[in-house]
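Engineer:
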């Protein structure tokens, strides 16, 4: 994002107060301190239609039962040596979509799904470091959860069912 993008951010609203406050007041500092990278999508009119952030992450699977379910969900169609390797790991490299907001004027037009597909395509072919998953901490409301489920995300655990956010992942 450029300085002009940050200035234009004041006119952006995704309709979620928590995200709007982050985009308006905190995003630039987070970028400056290398906590995350921030990106905008524009219309030809230079109107910001979407903002999203990316961070390095790891998918942590601690409990034996969750790990077995997780490995089964991955449907590894390879040798048992690879499956055994995955079972021995306690974390798996991922990219996190930390924030994703679509302008209230452009929601339900496929922009959010296109951004997720862009991230998936980019990091599926990323060769500088390992990356097996996209992770999100989705707001725990019906609209957000359905959006991520419809974009091939799974719940990492059910222990966060009553938390403000739900940890979800998508296999790359």
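Residue numbers (the numbering used here): 4 to 175.
Backbone N, C-alpha and C fix where the C-beta goes; we use that ideal spot for every residue, glycine too.
Quick caveat: nothing in here was measured; it's all calculated off a predicted structure.
Count the C-beta pairs between the stretch 132-144 and the stretch 97-109 that are closer than 8 angstroms, then say yes if the count reaches three, no if not.
Structural biologist: They touch, by the three-pair rule.
Engineer: According to DSSP, is residue 13 part of a helix, a strand, or is it coil?
Structural biologist: In this structure, residue 13 counts as helix in the three-state DSSP scheme.
Engineer: Please report how far the alpha carbon of residue 34 lies from the alpha carbon of residue 7, in whole angstroms.
Structural biologist: Taking the straight line from one Cα to the other gives about 15 angstroms.
Engineer: Using the Cα positions of residue 167 and residue 107, report the straight-line distance between them to the nearest angstrom.
Structural biologist: In a straight line, the C-alpha of residue 167 is about 22 angstroms away from that of residue 107.
Engineer: What separation, rounded to the nearest whole angstrom, lies between the Cα atoms of residue 118 and residue 73?
Structural biologist: Cα to Cα, the separation comes out at about 25 angstroms.
Engineer: Around the Cβ of residue 165, are there at least 16 other Cβ atoms within 10 angstroms (buried) or fewer (exposed)?
Structural biologist: Burial call: exposed.
Engineer: Taking residue 115 as part of the beta strand (DSSP E), name the residues at either end of that continuous run.
Structural biologist: Segment 114-127 is the alpha helix (DSSP H) holding residue 115; no beta strand (DSSP E) there.
Engineer: Helix, strand or coil: which one does DSSP assign to residue 2?
Structural biologist: Examination of residue 2 is not possible in this model, given that the chain is present from 4 through 175 alone.
Engineer: Which residues bound the alpha helix (DSSP H) around residue 34?
Structural biologist: Start and end: 30-35.
Engineer: State the Cα-Cα distance for the pair residue 189 and residue 59, rounded to the nearest angstrom.
Structural biologist: In the structure as shown, the chain starts at 4 and stops at 175, and residue 189 therefore has no counterpart that could be examined.
Engineer: Would you grab the beta carbon distance between residue 61 and residue 40 for me? Rounded to a whole angstrom, and I think it's under 8 angstroms.
Structural biologist: 17 angstroms between Cβ atoms; not a contact.
Engineer: Kindly identify the DSSP beta-bridge partner or partners of residue 158.
Structural biologist: 171, per the DSSP bridge assignment.
Engineer: What is the DSSP secondary structure of residue 102, reduced to helix, strand or coil?
Structural biologist: Strand at residue 102.
Engineer: What does the alpha-carbon distance come out to for the pair residue 69 and residue 160?
Structural biologist: Roughly 7 angstroms between the two C-alpha positions.
Engineer: Does the beta-carbon distance from residue 55 to residue 38 come in below 9 angstroms?
Structural biologist: Not closer than 9 angstroms, so no.
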